[in-house]
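Okay, structure first, notes after.
Residue numbers (the working numbering): 324 to 666.
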């Protein structure tokens, strides 16, 4: 039965870039360290490129971006149509803007990670990244924020449901489950994958949900329901007019993430005291209107990486009043949808 489920996951959930957007070369000057030659170097930014062995025997490529002013560490699980080469600049920018250390990793079968993509492998992959953060970088659970984007919400919530003292969880355009992206089913079937709807109630830390109100890949209702089912609700961010692959371009995106990281850091600094994490007003539940301050400015290369990181090849064309146009034809989207490759 597990093999059948894994096969369904591979068919519906995974679409690794082919060929991979990067290579990994061993750094002869630093022992067992590696580097990505395609990744641009930035002065003052310390990046480790690592190969982690997961419990399935696959070698997982990960990058760790260090920020010497960090108040937390972000463990980023990406969507189904991206790899680390496309996300590298986004990771660096998030680390700088949020003042966090950030680890991103490629799933089995993605980029230069070995093995094949499957639901159970993504769980082993995130566990390997988590173990590395604890053992190599000394990160405590109370300092760790898990970030799951699109299909990455699956391994994120699986790990979060097993760790009681996390600092926080960010769900970016998350899915209720794999099957629910395709069909409006009312119950969870045994062959479904990434059953986030059943795991969110086991997460005990503050949860921030970010979703676009016109997401044509993963409907806004997925994010809304996961937020409603969260135990520790943080003010959600509903981006009015936002799609599936452009949320980083909205000014609120980075501003709200900053607010969340600072809030959970402050909460964890308060010892043995009661605290509120839920701010559940009508205003918070309404779609957010974009502003002009604290804008997350991305250069041309980073905008391309941003679109790739959010499954841009799988999104339908957006209307002209959205921040940027889709480069993908309707025919291509329809072909992917028929194959089930939608998130």
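Virtual Cβ for every residue (Gly too), placed ideally from N, Cα, C.
For the pair residue 410 and residue 514, the Cα-to-Cα distance works out to about 31 Å.
Here the stretch 486 to 499 makes no contact with the stretch 421 to 438; the two share fewer than three CB pairs at distances below 8 Å.
The straight-line gap separating the alpha-carbon atoms of residue 527 and residue 490 is approximately 10 Å. Taking a 10 Å sphere around the C-beta of residue 450, we find 16 or more other C-beta atoms and assign the residue as buried.
Secondary structure in the stretch 449 to 484: the alpha helix (DSSP H) runs of 4 residues or longer, each lying completely within the stretch, are 476 to 483 in chain order. Residue 394 and residue 482 have their C-alpha atoms some 21 Å from each other. Apart from sequence neighbours up to five positions away, the residues of its chain that approach residue 387 with a beta-carbon distance below 6 Å are 371 and 426, ordered along the chain.
Assigned with DSSP and collapsed to three states, residue 338 falls in coil, not helix or strand. In the same chain as residue 433, and ignoring 5 residues on each side of it, the C-beta atoms closer than 7 Å to its own belong to 339, 406 and 440, in chain order. About 27 Å separates the beta carbons of residue 499 and residue 396, which is beyond the 8 Å limit, so they are not a contact pair. When the five nearest sequence neighbours on each side are left out, the beta carbons in the same chain lying within less than 6 Å of the beta carbon of residue 362 are those of 411, in order along the chain. For residue 586, the enclosing alpha helix (DSSP H) starts and ends at 574 to 592.
Nearest C-alpha to residue 376 among 534, 364, 350 and 431: 431.
Straight across, the Cα-Cα distance linking residue 532 with residue 562 is about 11 Å. In the DSSP assignment, residue 535 falls within the unbroken beta strand (DSSP E) covering 529 to 535. Cβ atoms of residue 445 and residue 477 come within 8 Å of each other, at about 6 Å.
When DSSP states are grouped into helix, strand and coil, residue 399 belongs to the strand group. One Cα belongs to residue 485, the other to residue 522, and the distance between them is close to 10 Å. For residue 588, the closest of 463, 550 and 540 by C-alpha to C-alpha distance is 463. Restricting attention to 342, 351, 398 and 448, the CA atom closest to the CA of residue 380 is found in 448.
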